[in-house]
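One structure is given below, encoded as structure tokens.
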Amino acid sequence: MRKNIVLTATVLLLGFLSVNAQLGETIKAQLIKDWERAKAYTKEYLDAMPKDKYSFRAQDSVRTFAQQMLHLAQANMGLSANGTGKERIWQGRLLENTTTA
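Quick note, the sequence shown lines up with residues 310 to 410 if you use my numbering.
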């Protein structure tokens, strides 16, 4: 009887671990797919805006085009650091307020 309980518990645990690993891979694949999609359309925005218009600001209260792109880049680097456990680059700096990275 005890052997059956231990065997059943072991099978259930292995099944749970397998499903959990598969779910983790599915989530990872979806995140990568979403990031690649966002990367592609962000590149389209960058390519569509003439370089001499990067300082364009629709209103005084909003970021320029360049500041928005730097903000997005820094946010992506921060999220990457959070996900990998690596140290953030540009720690303590606000890129959108600089003229060079």
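All C-beta atoms in this analysis are idealised placements derived from N, C-alpha and C, irrespective of residue type, glycine included. These figures come from a predicted structure and were not determined experimentally.
Neighbourhood of residue i by C-beta, 6 Å cutoff - its chain only, sequence neighbours within 5 removed
{"i": "residue 418", "result": "Residue coverage of the chain in this structure runs from 310 to 410, which leaves residue 418 outside it and unanswerable."}
{"i": "residue 383", "result": "404"}
{"i": "residue 363", "result": "374, 375"}
{"i": "residue 358", "result": "374"}
Cβ neighbours of residue i in the same chain (closer than 7 Å, five flanking residues each side left out)
{"i": "residue 387", "result": "397"}
Cβ neighbours of residue i in the same chain (closer than 8 Å, five flanking residues each side left out)
{"i": "residue 381", "result": "351"}
{"i": "residue 372", "result": "366, 380, 405"}
{"i": "residue 420", "result": "Because the chain spans 310 through 410 in this model, residue 420 falls outside it and cannot be assessed."}
Any non-hydrogen atom of the ligand FMN within 7 Å of residue i CB
{"i": "residue 397", "result": "Looking at this structure, you won't find the ligand FMN or any other ligand, since it has none at all."}
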